[in-house]
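Take a look at the structure below.
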Amino acid sequence: MTVRLYHSDPYASGFSATVVSTEGEWVALDRTAFYPGGGGQEADRGTLNGLAVTELKQSSGTVLHRVPGHSFAPGQEVEGKVDWDRRYELMKGHTGEHLLFSRLHELCPEMELVKIAIGPERKSVMVKGPLDWEMVLEAQRMALDAIEGDLPVTVSSVPKDDPSLADARIKMERIHGDEVRVVSIGDIDRAACAGVHISSVGELGMLLVTKFTSARPAADFEVEFEVGRAAKLTALQLSSAALRSAEALGARVQDLERALGNALREREMQAQQLRGYEEKALNELIPSRVGGVDLYSGLFGAMDKRTLLDAAARLTAEHGACVLGSAGERFMLVIACSPDVDVDCSALVNEALAPEGGKGGGKRHFATGGRRPRSGRRTSWCGPS
């Protein structure tokens, strides 16, 4: 059984220990300050006698340290050093998760915590329950109040049958033993947790939600967030982006959402008008007479696939052929002919697209293909002469 120094002093980054056993690259110590990970928080990294600890795991109450290239022997004294910058970032992230979810839960008591992920670069929480940007904004305001109030973070061991656990966030089926380790933030949150935390939420400095998206089927939503200096720098970047966007739209930043909505609606109206013009042009194509066959050809700006295919089928219903293209986000080419025209449309599609890195497929008398536009290049195509 390993003595876990990170529980008694999560701020300890250096320690002395005795090697208990080794098995290959894995080393067991009598005591350790290395947190092996758990509850969504990634494991620590660091060194033992200057050798890198690259992985940690637990086995029957023992913390095992992976130390490639070691020559440790049982009974040997070693010096451990935890990567403090990483550890502190994980501590802040874990406490930040407790604070953020508790504020979301305060706003929506039926909200359920599904999963958390706390790493140095990315931090998120998955939840089940209703959520929108207004709730996310209010939860951040409430979290900021707690941070500015520098609420203490305390840890206590509570008997499993203690009635006070009724108001704690806890899943009893995950508790092994008679005691529950409870992490509290002031008097606003209590949750069962075996992780390492900072001593007060004031150490967070700031908490900022950077994204929230659907997480189905695992959960309803995933909320990504940052803490500390990273949160402040991201807030500056987002502020700059909002100010520049407002300037580009000729609006005040306070009116950015409304201005963007107006711009999107105007864009959709213009797109609908363009589709109308192009569909009219498609329906009014005048064929060229080639080898006794009516050949219809045309290139359109952003014709949808279904419309193009339907037109190709209609234009080649009788003695005729067509070559139609759509130069939207993905360039599309349709070559088709009536069954009485001796042309291999599938071969022609691939021959036309191959030089541009595209490909196609289909039948002898009806084939389609395409390619995505390359960066910095415009799709070009000319009908037959």
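What the sequence shown shows, in the numbering used here, is residues 287 to 671, in sequence order. Glycine included, C-beta positions come from ideal geometry on N, C-alpha and C.
Nearest-angstrom Cα separation, counted from residue j out to residue i
{"i": "ARG460", "j": "GLU533", "result": "52 Å"}
{"i": "VAL482", "j": "PRO449", "result": "25 Å"}
{"i": "TYR321", "j": "ILE474", "result": "26 Å"}
{"i": "GLN344", "j": "LEU350", "result": "6 Å"}
{"i": "ARG600", "j": "VAL627", "result": "15 Å"}
{"i": "MET458", "j": "ARG476", "result": "14 Å"}
{"i": "ASP431", "j": "GLY491", "result": "11 Å"}
{"i": "ASP311", "j": "PHE358", "result": "Asp is not the amino acid found at residue 311; the sequence shown has Glu there. Looking at the two C-alpha atoms, the distance is approximately 10 Å."}
{"i": "ARG455", "j": "VAL439", "result": "15 Å"}
{"i": "SER294", "j": "PHE387", "result": "25 Å"}
{"i": "GLY669", "j": "LEU535", "result": "Only weak support exists for where GLY669 lies, its pLDDT of 43 falling under 50; the value from the coordinates is given anyway. Going by the C-alpha atoms only, they are around 39 Å apart."}
{"i": "LEU342", "j": "VAL368", "result": "12 Å"}
{"i": "SER632", "j": "ARG658", "result": "19 Å"}
{"i": "GLY325", "j": "ALA480", "result": "7 Å"}
{"i": "MET412", "j": "ILE404", "result": "12 Å"}
{"i": "SER486", "j": "GLU398", "result": "25 Å"}
{"i": "GLU552", "j": "ARG502", "result": "32 Å"}
{"i": "HIS356", "j": "GLY435", "result": "47 Å"}
{"i": "GLN362", "j": "LEU315", "result": "10 Å"}
{"i": "LEU493", "j": "GLU465", "result": "31 Å"}
{"i": "LEU639", "j": "ALA653", "result": "12 Å"}
{"i": "ALA425", "j": "LEU390", "result": "6 Å"}
{"i": "ALA545", "j": "MET555", "result": "15 Å"}
{"i": "LEU334", "j": "ALA517", "result": "32 Å"}
{"i": "GLY655", "j": "ALA549", "result": "33 Å"}
{"i": "GLU365", "j": "GLY323", "result": "21 Å"}
{"i": "VAL313", "j": "ALA429", "result": "40 Å"}
{"i": "TYR582", "j": "VAL609", "result": "6 Å"}
{"i": "ARG663", "j": "VAL579", "result": "For ARG663, the pLDDT reaches just 46, beneath the cut-off of 50, and the residue's location in the model is therefore unreliable, although a value from the coordinates is still provided. If you take the alpha carbons of ARG663 and VAL579, they lie about 34 Å apart."}
Opening and closing residue of the alpha helix (DSSP H) in which residue i lies
{"i": "LEU634", "result": "631-639"}
{"i": "TYR582", "result": "Per DSSP, TYR582 belongs to no alpha helix (DSSP H); it is in the beta strand (DSSP E), 579-586."}
{"i": "GLU465", "result": "Careful: GLU465 lies outside any alpha helix (DSSP H), inside the beta strand (DSSP E) at 465-471."}
{"i": "SER486", "result": "It is not in any alpha helix (DSSP H) - SER486 carries neither H nor E in the DSSP assignment."}
{"i": "ASP475", "result": "Element bounds for ASP475: not the alpha helix (DSSP H) but the beta strand (DSSP E), 475-478."}
{"i": "SER357", "result": "No alpha helix (DSSP H) holds SER357; DSSP gives it neither H nor E."}
{"i": "ARG331", "result": "That residue, ARG331, is in no alpha helix (DSSP H); it is neither H nor E in DSSP."}
{"i": "THR593", "result": "591-601"}
{"i": "TYR292", "result": "291-294"}
Limits of the unbroken beta strand (DSSP E) element including residue i
{"i": "ARG455", "result": "Note, ARG455: premise wrong, no beta strand (DSSP E); not H, not E."}
{"i": "VAL620", "result": "617-623"}
{"i": "SER345", "result": "341-345"}
{"i": "HIS384", "result": "Premise fails: HIS384 lies in the alpha helix (DSSP H), 370-393, not in any beta strand (DSSP E)."}
{"i": "LEU610", "result": "606-613"}
{"i": "ILE402", "result": "398-404"}
{"i": "HIS351", "result": "348-352"}
{"i": "THR304", "result": "300-309"}
{"i": "LYS446", "result": "No beta strand (DSSP E) holds LYS446; DSSP gives it neither H nor E."}
{"i": "GLY422", "result": "Rather than Gly, the amino acid found at residue 422 in this sequence is Val. Element bounds for VAL422: not the beta strand (DSSP E) but the alpha helix (DSSP H), 419-434."}
{"i": "LEU315", "result": "312-315"}
Closest residue to residue i among the options (Cα-Cα distance)
{"i": "ARG317", "options": "PRO503, GLY300, VAL509", "result": "GLY300"}
{"i": "ALA607", "options": "LEU594, ARG616, PHE617, ILE621", "result": "ILE621"}
{"i": "LEU385", "options": "LEU571, PHE511, LEU522, PRO625", "result": "PHE511"}
{"i": "VAL441", "options": "ARG372, ILE471, LYS409", "result": "ILE471"}
{"i": "ASN636", "options": "PRO625, THR304, ALA429, LEU619", "result": "LEU619"}
{"i": "GLU328", "options": "LYS367, TYR297, GLU375", "result": "GLU375"}
{"i": "GLY587", "options": "GLN558, TRP370, ALA303, GLU604", "result": "GLN558"}
{"i": "ASP418", "options": "GLU508, LEU585, GLY323", "result": "GLU508"}
{"i": "VAL353", "options": "ALA319, GLY463, VAL339, ARG575", "result": "VAL339"}
{"i": "ALA416", "options": "PRO406, GLU392, MET287", "result": "Position check: residue 416 holds Pro in this sequence, whereas Ala was assumed. Comparing Cα-Cα distances from PRO416 to each of PRO406, GLU392, MET287, the minimum goes to GLU392."}
{"i": "TYR292", "options": "VAL313, THR304, ASP330", "result": "ASP330"}
{"i": "PRO360", "options": "ALA303, ALA603, PRO625, MET428", "result": "ALA303"}
{"i": "VAL469", "options": "SER443, SER525, GLY488, LEU494", "result": "SER443"}
{"i": "SER574", "options": "GLY562, HIS605, LEU550", "result": "HIS605"}
{"i": "ALA298", "options": "HIS462, ARG427, LYS518, ILE484", "result": "ILE484"}
{"i": "LYS649", "options": "ASP630, GLY643, ASP590", "result": "ASP630"}
{"i": "ASP453", "options": "VAL364, LEU437, ALA478, HIS462", "result": "ALA478"}
{"i": "ASP371", "options": "ARG290, ASP590, PRO406, MET287", "result": "PRO406"}
{"i": "GLY646", "options": "LEU568, ARG616, ARG373", "result": "ARG616"}
{"i": "GLU383", "options": "ILE433, LEU634, CYS623, LEU337", "result": "ILE433"}
{"i": "ALA567", "options": "MET589, GLY577, VAL576", "result": "MET589"}
Cβ distance (whole Å) where residue i is taken to contact residue j below 8 Å
{"i": "THR520", "j": "THR499", "result": "So it is not a contact: roughly 17 Å between Cβ atoms."}
{"i": "ALA505", "j": "LYS409", "result": "With a Cβ gap of about 16 Å, ALA505 and LYS409 do not count as contacting."}
{"i": "LEU585", "j": "GLY614", "result": "Not confirmed; about 11 Å, so no contact."}
{"i": "VAL513", "j": "GLY332", "result": "Actually they do not touch by this definition, with Cβ atoms about 21 Å apart."}
{"i": "PRO296", "j": "MET421", "result": "Their Cβ separation, rounded to whole angstroms, is 31 Å, which puts PRO296 and MET421 out of contact at 8 Å."}
{"i": "GLU565", "j": "THR602", "result": "GLU565 to THR602, Cβ: 18 Å. No contact."}
{"i": "LEU542", "j": "SER531", "result": "6 Å"}
{"i": "THR288", "j": "GLY347", "result": "7 Å"}
Contact test: residue i Cβ vs the ligand MN heavy atom, cutoff 7 Å
{"i": "GLY472", "result": "In terms of ligand content, the structure shown is empty, and the ligand MN therefore cannot be addressed."}
Residue-chain proximity (residue i, chain C), Cβ-Cβ < 8 Å
{"i": "ASP369", "result": "Considering every chain present, this structure includes no chain C. It has just one protein chain."}
Unbroken stretches of the beta strand (DSSP E), 3 residues or longer, contained in the stretch 489-517: 493-500, 507-513
What ranges does the alpha helix (DSSP H) occupy inside the stretch 529-573, keeping only unbroken runs of at least 4 residues that lie completely in it? 542-569
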